[in-house]
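First comes the structure, then the notes that go with it.
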Amino acid sequence: MKAYAMNGAGNAFIVIDAREHGGPLALSPARVAALHERHPFDQIMGLESHGVADAHLRVWNADGGEVGACGNGTRAAAWLMFQDDNRSRRTLAAQGGALGARRLDTGLVEVDLGQPGLGWRDIPLAREMDTMKLDFGIDLPGGGRLEGPGAVSMGNPHAVFFVEDVAALPLAEIGPRIEHDPLFPERVNAGFAQVIDRQTIRLRVWERGAGLTLACGTGACAALVAAHRRGLTEREAVIIADGGELPVRWDADGHVHLSGPVEMEGELDIEGLV
């Protein structure tokens with residue numbers, strides 16, 4: 000079993016390759032906390048053996064909770080798998096469903112995260128509501144209010160607010176309030192999207208269980224889906240995160256594809272922690 004520090008557009012991961020381990024990873028919240036203390040991260044990506052797919056992918060947030068999806072982390076895990084040989088495609092089984100990955104000619108990795116969930120139960124929400132524009136808002140410190148986010152599930156729940164100036168928002172203050180609002184029984188990733196033009200979105204995301212991160216892959220996908228549903232963008236756009244640019248496309252079959260940079264930072268010593 001080996002572990003690596005990696006990042007995707009600044010989104011920090013520990014990727015644990017346990018495909019040869021022969022059993023599932025046993026990561027309790029206490030073990031996740033110990034790993035985070037030694038090697039800070041946004042998410043842990045675990046690769047386990049699988050009878051059908053090339054690997055079974057698991058995801059833990061920094062708070063120790065296991066979750067269904069992580070877009071940039073999936074790209075990082077797939078990038079690591081592509082180092083095994085010259086194959087250009089991989090399949091991963093994940094909690095949110097089957098995922099596909101392909102190596103692009105540019106050297107980047109693109110992942111197919113499947114179809115977004117757009118029903119209120121898919122998110123999930125505590126009550127029935129139009130997910131294109133939720134009947135939900137939050138007061139801003141010092142006055143003003145954000146209202147009507149779009150809700151999208153990318154295997155994990157997202158609420159995307161469309162704003163005029165994302166840099167002006169006190170995300171550290173309002174992010175936790177949105178994440179823990181009773182409307183979202185499984186909590187929620189809170190995205191704040193500034194549409195630059197029909198092919199460009201500036202985005203910042205408060206991630207549930209991780210806080211404000213430099214990038215969020217599923218958040219980028221959710222932002223494009225929510226924006227296109229409102230007629231604000233085309234079906235393909237570049238999402239500009241604090242840590243880099245993430246191209247996203249929502250294809251004609253309804254699948255959302257995410258690409259972007261991946262950086263290998265080095266192998267980690269996790270002896271005694273996993």
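Counting from 0, one number per residue, gives the positions in the sequence shown under numbering that gives the first Met the number 0. The C-beta atom is built at its ideal place from N, Cα and C for all residues, glycine as well. All values derive from a computational prediction rather than experimental measurement.
Practice task
With DSSP as the reference, label Leu26 as helix, strand or coil.
Solution key: Sequence index remark: in the sequence shown, residue 26 carries index 27 (1-based). Residue state, collapsed to three classes: coil.
Handout entry: Simplified DSSP assignment, three categories, for Glu262
Key = Numbered from 1 along the sequence shown, position 263 holds the residue referred to as residue 262. DSSP, read as helix, strand or coil, puts Glu262 in strand.
Handout entry: Element boundaries [beta strand (DSSP E), containing Thr217]
Key = The residue you call residue 217 lines up with position 218 of the sequence shown. From DSSP, Thr217 is part of no beta strand (DSSP E) but of the alpha helix (DSSP H) over 216 to 228.
Handout entry: Start-to-end residues for the beta strand (DSSP E) that takes in Ala76
Key = Taking the first residue of the sequence shown as 1, we reach residue 76 at position 77. Here Ala76 belongs to no beta strand (DSSP E); instead the alpha helix (DSSP H) covers 70 to 81.
Problem - Whole-Å CB distance - Gly136 paired with Arg126, under 8 Å assumed - result: Indexing the sequence shown from 1 puts residue 136 at position 137. Indexing the sequence shown from 1 puts residue 126 at position 127. Not a contact, Cβ separation roughly 15 Å.
Practice task
With DSSP as the reference, please indicate the residues paired to Lys132 in a beta bridge.
Solution key: To locate residue 132, count along the sequence shown from 1; it is residue 133. Partner(s): none; Lys132 has no beta bridge.
Handout entry: Residue range of the unbroken alpha helix (DSSP H) whose run includes Ile177
Key = Residue mapping note: residue 177 aligns to position 178 of the sequence shown, counting from 1. Note, Ile177: alpha helix (DSSP H), 170 to 178.
Exercise for the section: Kindly list the residues whose CB is nearer than 7 Å to the CB of Ala32, restricted to its own chain and excluding five residues on each side of it in sequence; keep chain order. Expected result: For the purposes of this step, residue 32 is taken as the residue at position 33 of the sequence shown. The residues are Gly63.
Exercise for the section: In angstroms with no decimal places, state the Cα-to-Cα distance between Ala2 and Ile43. Expected result: In the sequence shown, counting from the first residue as 1, residue 2 sits at position 3. In the sequence shown, counting from the first residue as 1, residue 43 sits at position 44. When the Cα atoms are used, Ala2 and Ile43 turn out to be separated by approximately 10 Å.
Handout entry: Assigned exposure category for Gly118 - 16 Cβ within 10 Å defines buried
Key = Locating residue 118 in the sequence shown gives position 119, counting from the first residue. It is exposed - the Cβ of Gly118 has fewer than 16 other Cβ atoms within 10 Å.
Handout entry: Ala225 beta carbon less than 9 Å from that of Ala167
Key = As a first step, residue 167 is located in the sequence shown; it is residue number 168 there, counting from the start. As a first step, residue 225 is located in the sequence shown; it is residue number 226 there, counting from the start. Cβ distance not < 9 Å, so Ala167 and Ala225 don't count as in contact.
Practice task
Quick one: give me the first and last residue of the beta strand (DSSP E) that Leu245 is part of.
Solution key: Position 246 of the sequence shown holds residue 245. Unbroken beta strand (DSSP E) run through Leu245: 243 to 249.
Practice task
Using DSSP bridges, identify the partner residues of Gly85.
Solution key: Counting from one through the sequence shown, the residue named residue 85 turns up at place 86. Gly is not the amino acid found at residue 85; the sequence shown has Asn there. For Asn85, no pairing in a beta bridge is given by DSSP.
Exercise for the section: Quick one: residues in its chain with C-beta nearer than 8 Å to the C-beta of Asp53, no 5 flanking neighbours on either side, listed in chain order? Expected result: Start at 1 with the first residue of the sequence shown, and residue 53 comes out as number 54. Once the five neighbours on either side are set aside, the close Cβ partners of Asp53 are Met80, Arg89, Thr90, Leu91.
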